[in-house]
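When you number the first sequence by the working numbering, it's gap-free, plus one each residue, and the end is 747.
Where is the CB? At the ideal position from N, CA and C, for every residue including glycine.
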Amino acid sequence: MTVRVRFAPSPTGYLHVGGGRTALYNWLFARHQGGTFVLRSDDTDTERNTPEFQADILESLTWLGIDWDEGIESGGPHGSYRQSNRFPRYREVAETLVAGGSAYYDGATPEQLEAMRTEAEKAGASPVYDGRFRLSAAEAAARTSAGNPPPVRFAVPRPGETRFVDVVRGEIVFSHDNVDDFVMLRGDGSPTYHLASTVDDVDYHITHVIRGEDILPSTPKHILITEAMGGERTEYAHLSLLNGPDGKKLSKRHGDTALRAYRDAGFLPTAVRNFLVILGWSPGDDEEIVSIEEMIERFDLGSVSRNPAVFDVTKLEWMNGHYLRAMPPVEFTAMALPIVESDLGRTLTSDERQAFGAVAPLVQERAKRLTEITPQVRFLIGDEVTYEAASWDKVMKTAEATTALDGASAALEAVDDWSVAAIETALRGMLERTSLSAGKGLQPVRVAITGSTVSPPLFESLAALGKKRTLQRISGARLRRDIR
RNA sequence: GGCCCCGUCGUCUAGCGGCCUAGGACGCUGGCCUCUCAAGCCAGUAACGCCAGUUCGAAUCUGGUCGGGGCUACCA
């Protein structure tokens with residue numbers, strides 16, 4: 264039997280990192296099994312859906328390197344893969360189930376429902392509606408023609424229970440005492456999540472439903488519908504949720520939850536993907552850096568962790584730095600250039616591009632995020648430097664700084680061949696003559712040139728900057744010291 | 001309140017009855033390297049929630065307890 268899995272987000276928000284992980288696990292499972300990955304749009308909530316969110320979901324998945332064999336955009340044998348186009352089908356199923364006795368039109372009022380819930384809570388029981396206000400066919404028809412069509416509820420067999428073996432959690436049993444006669448079709452004829460999702464899973468021949476643990480309690484409902492439809496029962500795998508540092512479900516107040524925010528914050532898709540896969544799954548050995556090929560090769564749903572994972576951005580940053588450093592320098596430079604240009608708001612001249620190309624590999628070793636690149640190469644662009652106040656105060660206010668700046672200026676002036684090696688020789692000679700330590704002697708030069716005590720390696724930075732601007736900046740810094 | 005899920009270092013995890021004086025990774029601390037910052041290397045820090053039981057032996061099995069989380073809509 265060929266494995267068929269699906270990822271079915273609702274376009275009611277940007278793709279959440281937790282959703283990204285769920286999609287990734289579905290995708291890895293499909294790829295590992297040689298199965299089919301279906302992307303569906305559970306867009307039954309017409310009020311909250313937006314095209315923008317829909318587009319974001321597609322973009323975010325693609326960014327993560329996840330592709331789909333069937334589904335929205337790419338098509339397949341099952342139509343548009345959008346639930347909003349399938350309302351007649353859901354209605355048809357609901358009516359069939361009513362006709363077969365598995366479901367009924369319901370006449371309970373909101374007040375009656377509320378009263379029953381309150382009563383159940385008082386009695387210490389589960390707030391479960393048992394269908395006591397079900398309508399006869401005639402009553403339902405009368406209400407419909409009166410312009411007040413009743414909803415359709417599923418008739419949960421009582422007494423009874425639903426049991427199944429969850430692929431990640433093992434055997435799970437729900438007594439029907441705790442499963443109420445849920446609404447499948449609303450009064451307005453629209454399907455609820457339970458109906459639409461289950462009908463699609465059955466119609467699309469899904470074999471494994473891999474989703475968040477938050478819908479574990481709804482699973483008996485889905486199994487009940489599936490069986491009433493005469494459909495094949497799917498396997499279920501419920502993934503633990505992602506938490507914030509405080510152990511609560513990851514939400515806005517913990518920071519960014521949208522995958523796109525991480526892209527915007529300068530994270531590499533390879534790093535995010537690796538980080539996400541590690542959150543709840545381990546390749547088994549002591550390695551955490553795992554290539555996409557290895558993920559596919561070794562991924563196993565059964566060994567997915569049952570406990571919730573905290574989304575730790577610090578570790579993501581480390582991993583991102585790792586992936587950044589692992590890139591071929593040429594590739595890194597090519598990727599970074601448009602980022603820098605976008606940050607600067609203009610394209611670089613060919614001289615600037617050359618200077619950037621010279622220091623880019625050095626920045627590559629130092630960056631954790633793509634957003635850190637521009638600040639580190641900013642000093643190469645244009646004639647002006649912006650001095651960081653703290654950096655200036657820290658190294659420029661000593662007598663040694665004067666000595667260093669004067670010495671450096673003279674030494675560099677004499678350099679004809681403006682190469683990294685020649686610059687280093689000149690500055691080392693200056694240190695020798697002035698008896699300054701490397702720290703004391705070079706930091707003032709660094710601040711004079713880059714405006715900061717933190718920068719790419721100094722000699723390379725000067726080489727990239729050029730002799731003229733280097734000397735200008737040193738004298739500029741000396742002038743600035745005199746003025747102060 | 002009811003139902004369900006979960007419980008190994010601060011965090012992500014390995015562990016499936018003896019190989020555990022519990023391993024790895026991130027973080028943190030110290031050291032080396034060093035023109036700053038990183039990176040790299042070395043060392044250190046730190047956990048089986050608790051109580052019973054089963055067993056010659058339990059992080060691993062069972063029960064309870066405590067703690068955390070999720071669900072509890074004509075939202076998905």
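Of the other Cβ atoms in all chains shown, 16 or more fall within 10 Å of the Cβ of L725; this residue is therefore buried. Secondary structure note for H295: its alpha helix (DSSP H) is the uninterrupted segment V280 to Q296. Separation of V540 and S399 (C-alpha to C-alpha, rounded to the nearest whole angstrom) is 51 Å. For P454 against T307, the beta-carbon gap comes to about 6 Å, under 8 Å, which counts as contact.
Under DSSP, the beta-bridge partners assigned to K512 are N506. By the C-beta density criterion, W581 is exposed, having fewer than 16 other C-beta atoms within 10 angstroms. By the Cβ-count criterion, T325 is exposed, with fewer than 16 other Cβ atoms from all chains shown falling within 10 Å of its own Cβ. Bridge partners of D680 according to DSSP: none are assigned. With fewer than 16 neighbouring CB atoms inside 10 Å of its own CB, A386 falls in the exposed class.
Under the three-pair Cβ rule at 8 Å, the region 486-501 does not count as touching the region 551-562. Beta-bridge partners assigned by DSSP to A366: F417. Spatial neighbours of R380 in its own chain (CB-CB distance under 6 Å, excluding positions within 5 residues in sequence) are listed in chain order as P390. Using a Cβ distance threshold of 7 Å, G543 and S514 do not count as a contacting pair. If you ignore the 5 residues before and after V708, its C-beta comes within less than 6 Å of the C-beta of A671, all in its own chain and listed in chain order. For P373, the closest of G363, F396 and A318 by C-alpha to C-alpha distance is F396. In the structure shown, the three-state DSSP call for V266 is coil. D429 is positioned such that its CB atom lies closer than 7 Å to that of H501. For L625 and T285, the gap between their C-alpha atoms comes out near 36 Å.
Remark: C-beta atoms of L505 and A589 do not approach each other more closely than 7 Å. Here D429 carries a strand assignment [DSSP, helix/strand/coil]. Counting the other Cβ atoms within 10 Å of the Cβ of K511 gives fewer than 16, which makes it exposed.
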